[in-house]
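Right, one structure below, let's go through it.
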Amino acid sequence: MQKVLVVCGPTATGKTKLALRLAKKINGELISADSRQVYRGMDIGTGKELPVNLKPQISNLKYRGEPIVFYSILRVKVWGYDLVSPTRQFNVAQYKRFADKILKSIVDRGKLPIIVGGTGLYIKAVVDDISTINVPANRSLRRSLANKSVDELYNLLSRFDPIKSASLNTSDRKNPRRLIRAIEVVSYGEKGRRSLKKDSKFDTLFIGLTLPKHIRNDNINKRVHKRLHQGIIAEIKKLLNSGVKWSDQSMCSIGYKELRGYFESKLTLEEVVKKWKDAEHNYAKRQITWFKRDQRINWFDVSKKDYLRNMENMVEKWYKS
RNA sequence: GUCGAGGUGGCGGAGCGGACAAUCGCACCAGACUGUAAAUCUGGCGGCCGAAAGACCUACGUAGGUUCGAAUCCUACCCUCGACA
């Protein structure tokens, strides 16, 4: 069975660095599972591990008619950066199509695919698949539903798909985005749903990286300042000048959306930095909540002395088996 | 020093005699998640007991007072801010 290594966990734990190290050791290539690093020109704020002046290389693979680029970092190929323009929408389905293709290509070349990132849903889509992933967005439906209250949406869903509506938890019942998506899925009809195979087609090893909260938050705070020094403000200026709008999906990324208040002179840099840090802390928490549920993940506390040796032992043992 | 505004939970900020342990936002804690996922959404959030209902305690600058009852009214004092000196 095809082996796939997954390196996941909350932000600011050093996933990419670790994955690069492992890739060198066991001849792997990285596939970034990160919903923001897909955007071109958003480098500093999304934390792409790019050495200065490193240029992307063009592969012979295509995605939506365009050649897929990759970066060669420490002689390891890294895929998943710079997939689309930041003026575009992006979603799991697109990611899945891209990742499946790259994964196959890595395997074909006899290398080990290493999926690395903090976007749990993206990892899930590749490793476990998502049954309704092929139901496309229905713009006009979404538009017509946009102003409805959650109760109206819920009632609508109940009418079309009572089983689905009854199965929703109290949180999702009040989540307009999910309700609209659920309606979108029913209205697409049965052809949109496919049953998933119970058994994964991969032999997957999950490595999860953690840090005690105070260290993690400290890392995050330092990283915020680092990114400011690296020039995220200039990066945003450049994006705006090139036609990216604050309302674009890409710009609602942490770091960017907080800086908006500063750009519009509504907040001081200090206030913005505080918000930015808070947003990162909250994000890390959400990631932890997501990943915690996955029993397959082998967790390693990065602040512990022997974590590297223990983890590498585990990976090597799995790799050779 | 005088005049004016104000002092409320970790912070911002409502409340201005009973329905107030105190709207709401932030932070914080916990959770959800199947095409926006760095998104979106849910619950909790003074203390103590409790599964819960609920009880009790301590709280709206400090000290008194009025009242059956005060974060809300009165008095004095302390502090902050603005204006005038």
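Last residue of the first sequence? That's 902 in the working numbering, and every number before it is there in order.
Don't be surprised by glycine CBs; every beta carbon is placed ideally from N, CA and C.
Model, not experiment: these values are computed from the prediction.
- Rounded to whole angstroms, the gap between the alpha carbons of threonine 594 and tyrosine 676 is 23 Å.
- In this structure cysteine 589 is buried. Its beta-carbon is surrounded by 16 or more other beta-carbon atoms within 10 angstroms.
- Taking the Cα positions, valine 633 is about 28 Å away from lysine 856.
- Excluding its 5 nearest sequence neighbours in each direction, serine 781 has C-beta neighbours in its own chain below 7 Å: Val708 and Asp709, listed in chain order.
- Bounds of any beta strand (DSSP E) do not take in isoleucine 714, whose DSSP letter is neither H nor E.
- Taking a contact to require three or more Cβ pairs closer than 8 Å, the region 691-698 and the region 608-619 qualify as touching.
- Here the alpha carbons of arginine 720 and arginine 669 stand approximately 15 Å from one another.
- Burial is judged here by how many other beta carbons sit within 10 angstroms of a residue's own beta carbon; arginine 758 has fewer than 16 and is exposed.
- A Cβ-Cβ separation of about 19 Å leaves valine 896 out of contact with leucine 792 under the 8 Å criterion.
- An exposed status is given to threonine 849, since fewer than 16 other beta-carbon atoms sit within 10 Å of its beta-carbon.
- By the CB criterion at 9 Å, glycine 646 and glutamine 618 fall outside the cutoff.
- In this structure, Val805 is the residue among Val805, Lys598 and Val731 with its C-alpha nearest to the C-alpha of glutamate 852.
- Ranked by Cα distance from serine 640, the options Gly789, Asn672, Lys682 and Met623 are led by Lys682.
- The beta carbon of glycine 773 sits closer than 7 Å to those of Thr713, Asn715, Val716 and Val766, all from its chain and outside the five residues before and after it, given in chain order.
- Residue Phe783 holds the alpha-carbon nearest to the alpha-carbon of lysine 685 among Lys901, Phe783 and Arg797.
- If only uninterrupted beta strand (DSSP E) runs of at least 3 residues are considered, those enclosed by the region 689-736 are 693-697.
- The three-state secondary structure of tryptophan 857, taken from DSSP, is helix.
- Counting along the chain, the unbroken alpha helix (DSSP H) around glutamate 765 starts and ends at 757-769.
- Counting along the chain, threonine 751 sits inside the alpha helix (DSSP H) bounded by residues 751-754.
- Burial check for leucine 655: the Cβ neighbour count within 10 Å stays below 16, so the residue is exposed.
- Rounded to whole angstroms, the gap between the alpha carbons of leucine 786 and lysine 898 is 11 Å.
- When Ser828, Glu861 and Leu642 are compared, the shortest CA-CA separation from proline 667 is found for Ser828.
- Going by DSSP, glutamine 638 is part of the beta strand (DSSP E) stretching over 638-644.
- Closest in alpha carbon position to glycine 622, among Val688, Lys803 and Leu820, is Leu820.
- At the C-beta level, isoleucine 835 and tyrosine 864 come within 9 Å of one another.
- Of the residues Ile764, Gly812, Tyr837 and Ser725, the one whose Cα lies closest to the Cα of asparagine 736 is Ile764.
- Going by DSSP, glutamine 583 is part of the beta strand (DSSP E) stretching over 583-589.
- For asparagine 879, the secondary structure class from DSSP, reduced to helix, strand or coil, is strand.
- Apart from sequence neighbours up to five positions away, the residues of its chain that approach arginine 754 with a beta-carbon distance below 6 Å are Tyr735, ordered along the chain.
- Note on geometry: alpha-carbon atoms of proline 648 and valine 825 lie some 22 Å from one another.
- Residue pairing from DSSP places tryptophan 660 in a beta bridge opposite Ile612 and Phe651.
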